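Keeping their order, the protein sequence lines are chains A and B. Throughout the first sequence, residue numbering follows UniProt numbering, covering 1 to 345 in sequence. Throughout the second sequence, residue numbering follows UniProt numbering, covering 1 to 293 in sequence. The next block holds one structure in the form of structure tokens; read it before the comments.
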Amino acid sequence: MAQVQFNSITKTYPNGFEALKPTNFTIKEGEFAVLVGPSGCGKSTLLRMVAGLEDITAGDLSIGTRVVNHVDPADRDIAMVFQNYALYPHMTVRKNIGYGLKNRGTAKSEIARKVDEAAAMLNLTPYLESKPSQLSGGQRQRVAMGRAIVRDPALFLFDEPLSNLDAKLRNQMRIEIKALQRRLGVTSIYVTHDQVEAMTMADRIIVMNEGRVEQIGTPAQVYHNPATTFVASFMGAPPMNLLPAVVDGGQVMLEGVSFGPAPHRGKVIAGIRPEDFSPDPEGDLTIHVDLVEELGAHRLLHGKLGEEAVTVHVANESVAQTGPLRVGVKPDALCLFDAVEGNRI
Amino acid sequence: MKRAGFTTVSLPVFLLLPQLVIIAVFFYWPTVVALQSSFYLQDPFGFGSTFVGLQNYADLFTSREYHRIASFTVVFSVLVTFFSLAIALLLAVKADKILRGAKTYRTLLMWVYAVAPPVAGFIAVIMFNQSWGPLTQFFGMFNYTYLVGVNFNDTAFAMVLASVWKQVPVNFIFFLSGLQSIPRSVREAALIDNASAMGRFWDVTFPLLAPTGFFLLIINITYSLFDTFGIVDTVVKGEPGNNPMTLVYKVYVDGFRGNDLGGSSAQSVILMVLVLALTIFQFRLIDRRIHYT
Numbered sequence: 001m002a003q004v005q006f007n008s009i010t011k012t013y014p015n016g017f018e019a020l021k022p023t024n025f026t027i028k029e030g031e032f033a034v035l036v037g038p039s040g041c042g043k044s045t046l047l048r049m050v051a052g053l054e055d056i057t058a059g060d061l062s063i064g065t066r067v068v069n070h071v072d073p074a075d076r077d078i079a080m081v082f083q084n085y086a087l088y089p090h091m092t093v094r095k096n097i098g099y100g101l102k103n104r105g106t107a108k109s110e111i112a113r114k115v116d117e118a119a120a121m122l123n124l125t126p127y128l129e130s131k132p133s134q135l136s137g138g139q140r141q142r143v144a145m146g147r148a149i150v151r152d153p154a155l156f157l158f159d160e161p162l163s164n165l166d167a168k169l170r171n172q173m174r175i176e177i178k179a180l181q182r183r184l185g186v187t188s189i190y191v192t193h194d195q196v197e198a199m200t201m202a203d204r205i206i207v208m209n210e211g212r213v214e215q216i217g218t219p220a221q222v223y224h225n226p227a228t229t230f231v232a233s234f235m236g237a238p239p240m241n242l243l244p245a246v247v248d249g250g251q252v253m254l255e256g257v258s259f260g261p262a263p264h265r266g267k268v269i270a271g272i273r274p275e276d277f278s279p280d281p282e283g284d285l286t287i288h289v290d291l292v293e294e295l296g297a298h299r300l301l302h303g304k305l306g307e308e309a310v311t312v313h314v315a316n317e318s319v320a321q322t323g324p325l326r327v328g329v330k331p332d333a334l335c336l337f338d339a340v341e342g343n344r345i
Numbered sequence: 001m002k003r004a005g006f007t008t009v010s011l012p013v014f015l016l017l018p019q020l021v022i023i024a025v026f027f028y029w030p031t032v033v034a035l036q037s038s039f040y041l042q043d044p045f046g047f048g049s050t051f052v053g054l055q056n057y058a059d060l061f062t063s064r065e066y067h068r069i070a071s072f073t074v075v076f077s078v079l080v081t082f083f084s085l086a087i088a089l090l091l092a093v094k095a096d097k098i099l100r101g102a103k104t105y106r107t108l109l110m111w112v113y114a115v116a117p118p119v120a121g122f123i124a125v126i127m128f129n130q131s132w133g134p135l136t137q138f139f140g141m142f143n144y145t146y147l148v149g150v151n152f153n154d155t156a157f158a159m160v161l162a163s164v165w166k167q168v169p170v171n172f173i174f175f176l177s178g179l180q181s182i183p184r185s186v187r188e189a190a191l192i193d194n195a196s197a198m199g200r201f202w203d204v205t206f207p208l209l210a211p212t213g214f215f216l217l218i219i220n221i222t223y224s225l226f227d228t229f230g231i232v233d234t235v236v237k238g239e240p241g242n243n244p245m246t247l248v249y250k251v252y253v254d255g256f257r258g259n260d261l262g263g264s265s266a267q268s269v270i271l272m273v274l275v276l277a278l279t280i281f282q283f284r285l286i287d288r289r290i291h292y293t
């Protein structure tokens, strides 16, 4: 177990492309941190830098109390689970799991004991003598997990480990990984582009965009108090509604309706989560519903508020039909962003 | 899956005819002729032949010269195969790590592939020229008089050198593409699991190269046995004398220099059996082992 400290970490490729702008943050001991962002945002680069598979252009990276910028991947006391599992195809499951231990001079009997233990934990015992090619996707994923946990490292790194699995298996593995991490208490960094994975698994989410950290916070903080319009639109499905508004006379005005006081700023963007609208005959706003999406437990109403497209999330017992719908906004649900920079006001 | 089939026999036979004719004329016919003539003793001037049964074979198996050449061929093949593969693998592993100018480097290494065996032999002859060959002069610096075509070992070394040089590029291309087909993440996983580069090579890279390596092993054995004819011919300058030669070259020397067609045919048949055995061995092993996905 160890904390991971990023101190002005930068990555610039030889062609001048800045994949990661100077980044500072700390992952606490035993924490499950999820790096989330669209593809090309630098999250994988950051993870690979922690693993030592990618050079660090500038800044200091420490794992525990040690700066590891120039430490070999094998000597960083980390274990990594790759997206395509990266199992050794010519080795049996037993050898795959035990390979890292063998190279660290662990005694044979000790390796056998640890591998058996890990296999039992991951329901892999019947497959120990099989080759990876004989296993299903979920089983291969477990072998990759076994290879990581058997080493008992200071830090787990996960590089989109579930993206090659089908939806059902993904949900199951998500819970298994999270439970395993809880049980072992090992600090973990998990990279994903799937915001649902990020929300459900993380102790803290690190949202990245274009080589920059947009926001760091607990899933609830990131969801309810997005720091930028990017975070607001990236986290949550459907995303937060972002509507142009003005601050006039100290009041936020949206569609001619006042939404409480705000410091004078002129044009702003008002963010409202779809579930923060509530159908209300007395409501101030009128949405013209074009489409009703039936999702069983709830419904999504897609429509227009003035000229802007909005989505409203309603419970399944409420009446839903196309046409005008009067809605109210829950108190304190409004997030204001700078209209130009997109930062939270 | 339903298999498409022909209703008549004549159409598929007709379609296959060109291929069958080519195989029959250029392969089966010569084979039958060689097999047949290996049982005869031919008159050197073509005035007839006498049936001698297995006498040609018996002569070969008791001939000390044939044994000597057979053992040399084995040593020669082992050396050429081993060094061609080892040097090519080393170069491929190094080339695989190059990021800048990789293409140029590969192209330069592959050029030798385009050199025909007799030309390779000729280059060896030039390198070892008695009066001004650079390699002869190089050995001269150590007070060693290098005598290609006169000293048995010197000649053999020149042959091995030229043959290896000629074969390295082919192996290099295969090894390099084999290396590049190893998934990057597997190598990265090894990087995390094993601190030693040597350990990673022998535990992960080498086993994953085994299919390529095995294929090349067979190709190289065949090459060193048969395709080195041109190199041997140029280096010994058609003056076998006491010079080293391979079994294939002896077939030529006995048949076309010595006009002993019967003995030469018997040698060809022996070589054919050897190739057949090698091929069966290759197919059985490739089918059974060394296959991962």
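Note that CB positions come from ideal geometry on N, CA and C, so glycine has one too. Given the structure is predicted, the values throughout are model-derived calculations rather than measurements.
Note to self: Just list the residues that DSSP pairs A:H288 with in beta bridges.
What the structure shows: In the first sequence, counting from the first residue as 1, residue 288 of chain A sits at position 288. DSSP, once it has assigned bridges, lists A:K304 and A:P324 as partnering A:H288.
Checklist line | Members of the region 103-114 of chain A near chain B, C-beta cut-off 8 Å | finding: N103
Next item on the list: Apply the 10 Å Cβ neighbour rule to A:P132 and answer buried if 16 or more other Cβ atoms are within range, or exposed otherwise.
Entry: Residue 132 of chain A sits at position 132 when you count from the first residue of the first sequence. When all chains shown are included, A:P132 counts as buried.
Checklist line | Span separating the alpha-carbon of B:A70 from that of B:T246 | finding: To locate residue 70 of chain B, count along the second sequence from 1; it is residue 70. To locate residue 246 of chain B, count along the second sequence from 1; it is residue 246. Roughly 7 Å between the two C-alpha positions.
Item checked: A:M201: contacting residues in chain B (beta-carbon distance under 9 Å) -> Here residue 201 of chain A is taken as the residue at index 201 of the first sequence, counted from 1. Within 9 Å Cβ-Cβ: nothing; A:M201 doesn't reach chain B, min ~22 Å.
Notebook entry, point to check: Given B:Q167, which residues of its chain have a CB within under 6 Å of its CB, disregarding the five upstream and five downstream residues?
Noted result: Within the second sequence, residue 167 of chain B is the residue found at index 167, counting from 1. Correct list, in chain order: S84 and Y223.
Item checked: Interface residues of chain B facing A:I88 [CB-CB closer than 7 Å] -> Translated into positions along the first sequence, residue 88 of chain A becomes position 88. Looking at the sequence shown, residue 88 of chain A is not Ile but Tyr. Residues of chain B passing the Cβ test: V186 and V204.
Checklist line | Where B:K94 falls, given that 16 or more other Cβ within 10 Å makes a residue buried | finding: On the second sequence, position 94 is the one that residue 94 of chain B refers to. So B:K94 counts as exposed.
Notebook entry, point to check: In this structure, what does DSSP give as the bridge partners for B:A4?
Noted result: The sequence position of residue 4 of chain B within the second sequence is 4, counting from 1. In DSSP, B:A4 forms no bridge with anything.
Item checked: Three-state secondary structure (DSSP) of B:Y146 -> For this step, residue 146 of chain B is matched to residue 146 along the second sequence. Three-state result, B:Y146: coil.
Check: Which chain B residues are close to A:G137, counting only those with a beta carbon under 9 Å from its beta carbon?
Finding: Here residue 137 of chain A refers to the residue found at position 137 when the first sequence is read from its first residue. Under the 9 Å cutoff, chain B gives no residues; its nearest Cβ is about 14 Å from A:G137.
Item checked: 8 Å Cβ shell around A:P89 - same chain, five flanking residues per side excluded -> By one-based count along the first sequence, residue 89 of chain A stands at place 89. Within the same chain, A:P89 has close Cβ partners K131, P132 and S133.
Next item on the list: Mind checking the region 173-200 of chain B against chain A and listing, in chain order, the residues whose C-beta falls within less than 8 Å of any C-beta there?
Entry: P183, S185, V186, E188, A189, A190, L191, I192, D193, N194, A195, S196 and G199
Next item on the list: Taking only the alpha-carbon atoms, compute the straight-line gap between A:Q181 and A:F156 and give it to the nearest angstrom.
Entry: Within the first sequence, numbered from 1, the residue matching residue 181 of chain A stands at position 181. Within the first sequence, numbered from 1, the residue matching residue 156 of chain A stands at position 156. A:Q181 and A:F156: Cα-Cα distance of roughly 9 Å.
Notebook entry, point to check: Candidates A:H224, A:V81, A:G306 and A:F234: which alpha carbon is nearest B:L191's?
Noted result: Within the second sequence, residue 191 of chain B is the residue found at index 191, counting from 1. B:L191 has its Cα closest to that of A:V81, out of A:H224, A:V81, A:G306 and A:F234.
Item checked: From A:R273, A:G306 and A:A154, residue whose alpha carbon lies closest to that of A:V289 -> As a first step, residue 289 of chain A must be located in the first sequence, where it is residue number 289. Among A:R273, A:G306 and A:A154, the Cα nearest to that of A:V289 belongs to A:G306.
Next item on the list: Along the beta strand (DSSP E) that carries A:M253, what are the first and last residues, could you check?
Entry: By one-based count along the first sequence, residue 253 of chain A stands at place 253. Where A:M253 is concerned, the enclosing beta strand (DSSP E) stretches over Q251 to L254.
Checklist line | Partners in chain B for A:A79, counting only beta-carbon separations shorter than 8 Å | finding: Within the first sequence, the letter at position 79 stands for residue 79 of chain A. Chain B residues near A:A79: I192.
Check: Roughly how many angstroms separate the alpha carbons of B:L16 and B:S10, rounded to a whole number?
Finding: Residue 16 of chain B sits at position 16 when you count from the first residue of the second sequence. Residue 10 of chain B sits at position 10 when you count from the first residue of the second sequence. In a straight line, the C-alpha of B:L16 is about 10 Å away from that of B:S10.
Next item on the list: Look at the alpha carbon of B:Y40 and the alpha carbon of B:I87, and state the distance between them as a whole number of angstroms.
Entry: Position 40 of the second sequence, counted from the start, is the residue given in the question as residue 40 of chain B. Position 87 of the second sequence, counted from the start, is the residue given in the question as residue 87 of chain B. Between B:Y40 and B:I87, the C-alpha separation is close to 45 Å.
Next item on the list: Tell me, please, whether the CB atom of B:L285 is closer than 8 Å to any CB atom in chain D?
Entry: No chain D appears in the structure shown, which is made up of the protein chains A and B.
Next item on the list: List the residues that DSSP assigns as beta-bridge partners of A:I205.
Entry: In the first sequence, residue 205 of chain A corresponds to position 205, counting from 1. Answer is A:V34 and A:G217, bridged to A:I205.
Notebook entry, point to check: Which residues mark the beginning and the end of the alpha helix (DSSP H) in which B:L247 is found?
Noted result: Within the second sequence, residue 247 of chain B is the residue found at index 247, counting from 1. It spans L247 to Y252 - the alpha helix (DSSP H) in which B:L247 sits, taken as one unbroken run.
Checklist line | Run of the alpha helix (DSSP H) containing B:G178, from where it starts to where it stops | finding: Here residue 178 of chain B corresponds to residue number 178 of the second sequence, with the count starting at 1. Start and end: F152 to Q180.
Note to self: Per the DSSP calculation, A:K28 is bridged to which residue(s)?
What the structure shows: If you number the first sequence from 1, residue 28 of chain A lands on position 28. Looking at the DSSP assignment, A:K28 forms no beta bridge with any residue, so it has no partner.
Notebook entry, point to check: Expressed to the nearest angstrom, what Euclidean distance is found between the alpha-carbon atoms of B:S63 and B:F152?
Noted result: Indexing the second sequence from 1 puts residue 63 of chain B at position 63. Indexing the second sequence from 1 puts residue 152 of chain B at position 152. Their backbone Cα atoms lie some 20 Å apart in a straight line.
Checklist line | DSSP three-state assignment for A:H298, whether helix, strand or coil | finding: Reading the first sequence from its first residue, position 298 is the one you call residue 298 of chain A. Strand at A:H298.
Note to self: With three or more C-beta pairs closer than 8 Å as the rule, is the region 202-217 of chain A touching the region 19-39 of chain A?
What the structure shows: yes
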